[in-house]
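Novice: First, the structure itself, so that you have it in front of you.
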Amino acid sequence: MYKKYEDISIEKHNKSILSFNQEQNCLNLSGNWIWSTIDEEYLISFVESFNGNNKAIKMDGLEIESLDSSGIYFIYRLINILEKKNISVLDIKLNENFKNLFIKIKDSVQFENNVVANPKKFNFVYVLGFSITKTIRNIKSFLIFFGKYWYNFFNIVKSPQIIHWDEVNRIIFDAGVNGFFLASMLSFLIGITLTYQMAPQFTTYGANLYVVNFLGIALLKEVSPLLTAVIIAGRTGASITAEIGTRKIQEELDALQIMGVPSMQIIVFPKILGVLIITPLVTAIADVVSMMGGLIISNVSLSIPPALFISRVKNYVSVNNFTCGIVKSIFFAFIIGLVSCYHGLQVKGNANSIGIETTKSVVNSIMLIVFIDAVFAIIFQIIGV
Amino acid sequence: MNNDYNKPIIEIINLGTCFNNLWIHKNLNLNIYPNRITTIIGSSGCGKTTLIREILMLQPITEGKIIINGEEISKYKVGTPQTKLLLTKVGMMFQQGALFSSLSIIENVMFPMLEYTNFSKKAILEIAQMKLLLTGLNKVNFYKYPKEISPGMQKRVSLARALVLDPKVIFLDEPSAGLDPNSASDFDDLIKNLQTELKLSVIMITHDLDCIWEISDEIVYIGNKKVLFHDSVLKAAECSGIPELYSYFNGKRGRIIKKSKLDSMIYAGTN
Chain U
3 MYKKYEDISI EKHNKSILSF NQEQNCLNLS GNWIWSTIDE EYLISFVESF
53 NGNNKAIKMD GLEIESLDSS GIYFIYRLIN ILEKKNISVL DIKLNENFKN
103 LFIKIKDSVQ FENNVVANPK KFNFVYVLGF SITKTIRNIK SFLIFFGKYW
153 YNFFNIVKSP QIIHWDEVNR IIFDAGVNGF FLASMLSFLI GITLTYQMAP
203 QFTTYGANLY VVNFLGIALL KEVSPLLTAV IIAGRTGASI TAEIGTRKIQ
253 EELDALQIMG VPSMQIIVFP KILGVLIITP LVTAIADVVS MMGGLIISNV
303 SLSIPPALFI SRVKNYVSVN NFTCGIVKSI FFAFIIGLVS CYHGLQVKGN
353 ANSIGIETTK SVVNSIMLIV FIDAVFAIIF QIIGV
Chain S
30 MNNDYNKPII EIINLGTCFN NLWIHKNLNL NIYPNRITTI IGSSGCGKTT
80 LIREILMLQP ITEGKIIING EEISKYKVGT PQTKLLLTKV GMMFQQGALF
130 SSLSIIENVM FPMLEYTNFS KKAILEIAQM KLLLTGLNKV NFYKYPKEIS
180 PGMQKRVSLA RALVLDPKVI FLDEPSAGLD PNSASDFDDL IKNLQTELKL
230 SVIMITHDLD CIWEISDEIV YIGNKKVLFH DSVLKAAECS GIPELYSYFN
280 GKRGRIIKKS KLDSMIYAGT N
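The structure is reproduced here in structure tokens:
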């Protein structure tokens with residue numbers, strides 16, 4: 003029966019009706035037996051509460067007005083229920099129009115044990131084992147990719163003229179020209195927010211001027227490189243993965259393979275190189291812009307004049323902070339390029355896979371960036387910069 | 030739906046379609062009759078698929094009327110309950126199958142029933158299984174996902190899904206495209222058998238001449254923005270009034286030529 007739209011049904015039909023005739027020992031079927039008129043609960047409860055004294059009954063379906071394959075399924079199901087109650091159905095009378103289909107469908111209608119159950123039920127141990135082996139496999143294939151990268155890297159260093167500079171330029175344009183505005187705007191806002199949040203703390207201790215030292219370390223060393231890397235991973239990294247994935251689905255990589263050109267050279271290298279070139283530059287811009295944000299708010303809430311702020315930066319903020327940030331950003335760029343290319347090459351078969359790999363690419367890049375950042379914090383602490 | 034053999038099930042009156050000042054159909058009139066396989070043919074880009082999409086309300090029409098079983102569909106807005114109910118009475122098998130990739134095969138077939146009926150899940154599962162077995166799919170494949178089965182099987186599943194609500198009219202867009210000759214001929218048989226058993230009206234778009242000769246009852250030739258020819262297959266093959274239609278059946282790739290060539294080869298071989 004219709005689940006919704008009952009009241010606005012275009013064709014109003016009578017429901018399917020069952021009745022039992024004691025004298026003729028016959029179960030009469032009438033009405034319309036099509037999916038929109040069958041009331042399953044009524045039919046099943048009628049037959050289940052049916053208490054014929056006889057062990058064998060007849061069925062008369064001559065009064066059925068219309069019958070479709072769902073209707074035929076339900077007739078077979080009623081017979082099945084009756085048989086379970088040890089009542090056998092001797093004969094089914096049906097209109098000639100319906101008889102052929104009724105017989106044809108018989109083999110396809112199956113109940114209970116013959117219905118295929120879903121073999122892929124949720125199994126905790128299976129899922130756990132599967133995800134562990136999958137992770138191990140992923141790490142292994144990433145290491146293989148990493149090895150291939152270095153193998154090809156030395157080939158390219160030997161003959162750098164094979165690098166496709168068009169591709170490099172495209173990445174630089176995408177991440178640099180199109181992306182630097184977003185990166186610098188966000189850095190500017192972070193500079194403002196950070197200064198604004200810290201201002202009351204510094205005022206409490208009368209250490210207003212030290213805000214410059216704080217911003218020098220926090221922004222130059224930590225926030226700007228990290229933020230820029232995250233933005234580039236989200237914008238450029240994702241687009242690299244999606245692009246390589248699409249090219250893989252369109253069999254472009256196979257075409258390269260049969261021409262004897264390694265896909266590393268054409269596809270992977272220019273992208274990693276482009277990201278490597280542009281990320282430190284965008285980071286440098288973000289550094290400057292975020293410090294400007296700090297300068298403005300220092301002037302407003304801590305009443306430090308811009309000239310004083312700049313001279314404090316000159317005298318008290320070591321250039322090491324800036325260098326550390328740039329060095330980190332180079333490593334971040336390498337991770338973004340490597341991870342997004344790797345996931346692009348992992349795309350298989352269908353369009354779904356591109357979405358999955360792009361998500362993985364962004365998530366894994368950001369995760370690795372934060373991880374590497376922590377490692378660098380320790381290294382810088384040890385070497386004392 | 031009516032079962033009167035000579036009363037049209039779909040009437041298209043003075044249909045016009047215009048995209049960016051380019052008329053695809055103009056004054057197109059067509060009656061499609063029940064209980065037979067009607068094949069729409071025509072050169073690529075003449076608007077065969079557009080016509081079917083318009084009948085199924087996937088695309089708006091510019092002028093004219095489309096009447097399905099006495100209901101003028103062009104007056105309804107898409108997405109209203111009336112159109113939804115009307116659409117349960119037609120089924121469509123898309124060219125690429127259009128199976129939902131996130132659902133397993135049996136879930137794909139169960140989907141329309143879950144959406145429209147209040148049957149128990151057990152009943153729906155058993156009905157879906159019945160339909161899949163009717164379209165000749167092996168039980169082993171029921172819980173696989175569409176990407177895990179072959180294109181031929183995907184078409185069968187798509188057909189099963191189109192048939193699950195027992196529509197009386199079914200549209201097939203290039204059913205044999207991309208199938209090898211064996212699978213294609215199996216699929217032809219399947220369509221013919223289902224058509225006779227379930228008393229369906231099948232409207233099919235195809236470029237496959239073998240398929241046309243094998244199962245088609247009527248040919249509709251679309252050219253010059255309207256229906257130029259609507260009659261039986263034999264008459265279409267002999268129709269010399271329309272040069273394009275004549276060369277469709279009698280050209281270099283036409284089956285008649287091929288068959289006579291084969292005959293002459295056999296003739297030469299025996300002598």
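Chains as they are written, first to last, in this note's numbering: chain U, 3 to 387; chain S, 30 to 300.
Backbone N, C-alpha and C define an ideal beta-carbon position, used for all residues, glycine too.
Once you ignore the five residues that flank N300 of chain S on each side, which residues in its own chain have a CB closer than 7 Å to its CB?
Specialist: Annotation note: pLDDT 46 at N300 of chain S (below 50); position unreliable, no value reported.
Novice: Exposed or buried, Y153 of chain U, counting other C-beta atoms within 10 Å across all chains shown (16 or more means buried)?
Specialist: exposed
Novice: Tell me which residues share the same chain as F389 of chain U and place their Cβ nearer than 6 Å to its Cβ, disregarding the 5 neighbours each side in the sequence.
Specialist: There is simply no residue 389 of chain U to check, as chain U begins at 3 and stops at 387 in what is shown.
Novice: Report buried or exposed for E42 of chain U, applying the criterion of at least 16 other Cβ atoms within 10 angstroms of its Cβ.
Specialist: buried
Novice: Just to confirm, are S14 of chain S and V262 of chain S a CB contact at a threshold of 8 Å?
Specialist: Limits of chain S in this structure are 30 at one end and 300 at the other, which puts residue 14 of chain S out of reach.
Novice: When you compare the CB of M159 of chain S with every CB in chain U, is at least one pair closer than 8 Å?
Specialist: yes
Novice: Mind listing the chain S neighbours of F113 of chain U? Cutoff is C-beta to C-beta under 8 Å, in chain order.
Specialist: E155
Novice: Using the beta-carbon count (16 or more within 10 Å), is C47 of chain S buried or exposed?
Specialist: exposed
Novice: Can you pull the chain U residues whose beta carbon is under 9 Å from the beta carbon of Y172 of chain S, in chain order?
Specialist: V118, A119, N120, P121 and K122
Novice: Taking all protein chains shown into account, decide if T325 of chain U is buried (16 or more other Cβ within 10 angstroms of its Cβ) or exposed.
Specialist: Of the residues assessed, T325 of chain U falls on the exposed side of the cut-off, its CB having fewer than 16 other CB atoms within 10 angstroms.
Novice: Any idea if N31 of chain S is buried or exposed, counting beta-carbon neighbours within 10 angstroms, 16 or more meaning buried?
Specialist: Any reading at N31 of chain S needs caution, since the residue's pLDDT is 47, under 50, leaving its predicted position unreliable; the model's value is listed next. Exposed, since its Cβ has fewer than 16 Cβ neighbours within 10 Å.
Novice: Using 8 Å for Cβ pairs, my map puts T79 of chain S next to I232 of chain S. What's the rounded Cβ distance?
Specialist: Their Cβ separation, rounded to whole angstroms, is 14 Å, which puts T79 of chain S and I232 of chain S out of contact at 8 Å.
Novice: In whole angstroms, what is the alpha-carbon distance linking Y250 of chain S and G71 of chain S?
Specialist: 6 Å
Novice: Using DSSP with H/G/I as helix, E/B as strand and the rest coil, what is W167 of chain U?
Specialist: helix
Novice: Distance check for I156 of chain S and K221 of chain S, CA to CA, integer angstroms please.
Specialist: 21 Å
Novice: Since A127 of chain S meets chain U, which of its residues come closer than 8 Å, beta carbon to beta carbon?
Specialist: Going along chain U, no residue has its Cβ under 8 Å from A127 of chain S, so there is no contact; the nearest lies around 13 Å.
Novice: Under 8 Å: do the stretch 357-370 of chain U and the stretch 307-324 of chain U share three or more Cβ pairs, one atom per stretch?
Specialist: no
Novice: Specify, as a first and last residue, the run of the alpha helix (DSSP H) that Y277 of chain S falls within.
Specialist: P272 to N279
Novice: Say whether chain S places a C-beta atom closer than 8 Å to the C-beta of S71 of chain U.
Specialist: yes
Novice: Return no unless some Cβ of chain S is closer than 8 Å to the Cβ of Y153 of chain U.
Specialist: no
Novice: Is the shortest distance between the beta-carbon of S149 of chain S and the beta-carbons of chain U less than 8 Å?
Specialist: yes
Novice: Report buried or exposed for I384 of chain U, applying the criterion of at least 16 other Cβ atoms within 10 angstroms of its Cβ.
Specialist: exposed
Novice: For G280 of chain S, count the other beta carbons within 10 Å of its own beta carbon; 16 or more makes it buried, fewer makes it exposed. Which is it?
Specialist: exposed
Novice: Three-state secondary structure (DSSP) at H345 of chain U?
Specialist: helix
Novice: Check the DSSP bridge columns for N30 of chain U and list the partner residues they point to.
Specialist: U:S21 and U:D62
Novice: I'd like to check one pair, G218 of chain U with V319 of chain U: are the Cβ atoms closer than 8 Å?
Specialist: yes
Novice: Report the residue ranges of all beta strand (DSSP E) runs contained in full by the stretch 134-185 of chain U; include only those spanning at least 3 residues, in chain order.
Specialist: none
Novice: Would you say the stretch 210-217 of chain U touches the stretch 295-306 of chain U, given that touching needs at least three Cβ pairs under 8 Å?
Specialist: Verdict: yes, contact present.
Novice: What in chain U is Cβ-close to N87 of chain S, meaning under 9 Å?
Specialist: First, the amino acid is wrong: residue 87 of chain S is Leu here, not Asn. The contacting residues do not exist; L87 of chain S stays about 20 Å from chain U at best.
Novice: Could you tell me which chain S residues have their CB closer than 9 Å to the CB of L103 of chain U, listed as they occur along the chain?
Specialist: E226, L227 and K228
Novice: Give a yes or no on contact between the stretch 76-84 of chain U and the stretch 112-127 of chain S, applying the rule of three or more CB pairs nearer than 8 Å.
Specialist: no
Novice: State the start and end residues of the unbroken beta strand (DSSP E) segment that holds S261 of chain S.
Specialist: In the DSSP assignment, S261 of chain S falls within the beta strand (DSSP E) that extends over K255 to S261.
Novice: Three-state secondary structure (DSSP) at G126 of chain S?
Specialist: coil
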